[in-house]
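Numbered per UniProt numbering, the sequence shown finishes at 288, counting up by one with no gaps. Note that the Cβ used here is the ideal one computed from N, Cα and C, for glycine as well. Since this is a predicted model, take the numbers as computed values, not measurements. Comments concern the structure below.
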Amino acid sequence: MDLVAACAAFVAVSERGSFTQGAAAIGIPQPVASRRVAALEQHLGGVVFDRTTRRAALTDFGRTMLPAARRVLDAADDLRAGAARAGSAPVGLALPVDLPLTALVDLVADARDAGVALVVEPAEPDRRRELVRDRAVRAAVLPVPEAEARWTVPLGLATLRPSGARRMFLASLRPARDAGVPDRRIWLRPEDDVPHVGDTLARLAVAGGLRPSQLRVSSLAGAVAEVIRTDDALLCTPREAAGCGLTWRPLGDAPLVRGYAVTAASVLDADRLTTTLGPLLARCLEAS
Numbered sequence: 001m002d003l004v005a006a007c008a009a010f011v012a013v014s015e016r017g018s019f020t021q022g023a024a025a026i027g028i029p030q031p032v033a034s035r036r037v038a039a040l041e042q043h044l045g046g047v048v049f050d051r052t053t054r055r056a057a058l059t060d061f062g063r064t065m066l067p068a069a070r071r072v073l074d075a076a077d078d079l080r081a082g083a084a085r086a087g088s089a090p091v092g093l094a095l096p097v098d099l100p101l102t103a104l105v106d107l108v109a110d111a112r113d114a115g116v117a118l119v120v121e122p123a124e125p126d127r128r129r130e131l132v133r134d135r136a137v138r139a140a141v142l143p144v145p146e147a148e149a150r151w152t153v154p155l156g157l158a159t160l161r162p163s164g165a166r167r168m169f170l171a172s173l174r175p176a177r178d179a180g181v182p183d184r185r186i187w188l189r190p191e192d193d194v195p196h197v198g199d200t201l202a203r204l205a206v207a208g209g210l211r212p213s214q215l216r217v218s219s220l221a222g223a224v225a226e227v228i229r230t231d232d233a234l235l236c237t238p239r240e241a242a243g244c245g246l247t248w249r250p251l252g253d254a255p256l257v258r259g260y261a262v263t264a265a266s267v268l269d270a271d272r273l274t275t276t277l278g279p280l281l282a283r284c285l286e287a288s
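This is how it looks when you write it as structure tokens:
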């Protein structure tokens, strides 16, 4: 039995003294109203209407139960109103820094169309974890290994000089034998300074004959400045390279990807955001 629907029929019939008029008031057929009231009587263990008269007159038991039935309807209205308020409340989402402004604007606008009032908080990975832990945001998009990722973004090396080569191998960055020639460095953003990317790149670099000192971490602006000033390379995505005027090539030694997943204090929140905003986040992150 639907208790709220049964109470609505009970209250409507009692206020109008008629099953027909009460049913019409709440937009249901009269037989449905009769069945709901009968189900309520069975549930409560007493008769609420005297059916021996032409009017639907309340019994003593019915008059006693009527205030409680009205409270059930009031509570149901409060619950619906609270759900509507919660559904329209802003949702804080921590995202990677340096995402293009146009991508963020599209994400917020499209999320609004999907019924989510999104408030984005760009931050580095460690800060995004803190924001979720402290409940300063509802959820965060965090870097995860490819096997755990909901979305992945290809990584490669970007340089200032164009090249006809389709891939870039780490061996091309080996230190020169001439001591006067500075080592070419690979710059990583904090977004990629995580074990499943940074450690993998470090192992590949050692296998390719590079020195540990050739791997550096910097902000995107700082890294790009060094790439432009020197002959260094930047580990980044195709979109990041294009936005900085650099030439991007996939890594020839082994494929590298950024993996992303939504993390939230509530698993339910994470699932809902992933389901509702999944395609929008994929586009914003330049991910598949």
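Do you know offhand how far residue i's Cα is from residue j's?
{"i": "A264", "j": "R138", "result": "6 Å"}
{"i": "T230", "j": "S266", "result": "46 Å"}
{"i": "P29", "j": "T20", "result": "8 Å"}
{"i": "P190", "j": "I26", "result": "59 Å"}
{"i": "R63", "j": "T53", "result": "16 Å"}
{"i": "R184", "j": "P122", "result": "30 Å"}
{"i": "L235", "j": "L210", "result": "15 Å"}
{"i": "V257", "j": "D113", "result": "30 Å"}
{"i": "R133", "j": "G92", "result": "13 Å"}
{"i": "T102", "j": "A205", "result": "35 Å"}
{"i": "D106", "j": "D98", "result": "15 Å"}
{"i": "residue 373", "j": "A147", "result": "Any question about residue 373 goes unanswered here, given that the chain covers just 1 to 288."}
{"i": "F49", "j": "A81", "result": "31 Å"}
{"i": "L215", "j": "L201", "result": "9 Å"}
{"i": "L40", "j": "E124", "result": "57 Å"}
Cβ of residue i within 7 Å of Cβ of residue j?
{"i": "V144", "j": "G259", "result": "yes"}
{"i": "A6", "j": "R35", "result": "no"}
{"i": "V13", "j": "A56", "result": "yes"}
{"i": "L131", "j": "A94", "result": "yes"}
{"i": "T274", "j": "V262", "result": "yes"}
{"i": "V153", "j": "A287", "result": "yes"}
{"i": "G252", "j": "R174", "result": "no"}
{"i": "R70", "j": "V11", "result": "yes"}
{"i": "E240", "j": "D232", "result": "no"}
{"i": "W151", "j": "A282", "result": "yes"}
{"i": "V47", "j": "T59", "result": "yes"}
Based on the DSSP secondary-structure assignment, which residues constitute the bridge partners of residue i?
{"i": "P143", "result": "Y260"}
{"i": "A158", "result": "L234 and W248"}
{"i": "R70", "result": "None; R70 has no bridge partner."}
{"i": "T152", "result": "G259"}
{"i": "D199", "result": "The partner list for D199 (beta bridge, DSSP) is empty, contrary to what the question assumes."}
{"i": "M168", "result": "L251"}
{"i": "I26", "result": "None; I26 has no bridge partner."}
{"i": "R216", "result": "W187"}
At least one CB of chain B closer than 7 Å to the CB of residue i: is that the case?
{"i": "V37", "result": "The structure shown has no chain B; it contains just one protein chain."}
Following a CB-centred definition, is residue i positioned closer than 6 Å to any heavy atom of the ligand NAP?
{"i": "D271", "result": "The model on display carries no ligand, and the ligand NAP is accordingly not part of it."}
message = Counting beta carbon pairs with one atom in the stretch 166 to 178 and one in the stretch 215 to 224, are three or more of them shorter than 8 Å?
response = Between the stretch 215 to 224 and the stretch 166 to 178, the count of Cβ pairs shorter than 8 Å is below three; the stretches do not touch.
ask   = Curious, which full-length beta strand (DSSP E) runs of at least 3 residues does the stretch 79 to 128 contain?
value = Listed in chain order, the complete beta strand (DSSP E) runs (minimum 3 residues) inside the stretch 79 to 128 are 91 to 95 and 118 to 122.
message = Extract the residue ranges of the beta strand (DSSP E) inside the stretch 219 to 256, only unbroken runs of 3 or more that lie entirely within it.
response = Qualifying beta strand (DSSP E) stretches, in chain order: 233 to 236 and 247 to 250.
Contact between the stretch 157 to 171 and the stretch 238 to 248 (3+ Cβ pairs under 8 Å) = Taking 8 Å as the limit for Cβ pairs, the verdict is that the stretch 238 to 248 does touch the stretch 157 to 171.
task = Run through the stretch 29 to 66 for me and flag every whole alpha helix (DSSP H) of 4 or more residues, listed as ranges in chain order.
result = Those alpha helix (DSSP H) runs which fall completely within the stretch 29 to 66 and span 4+ residues are 30 to 44.
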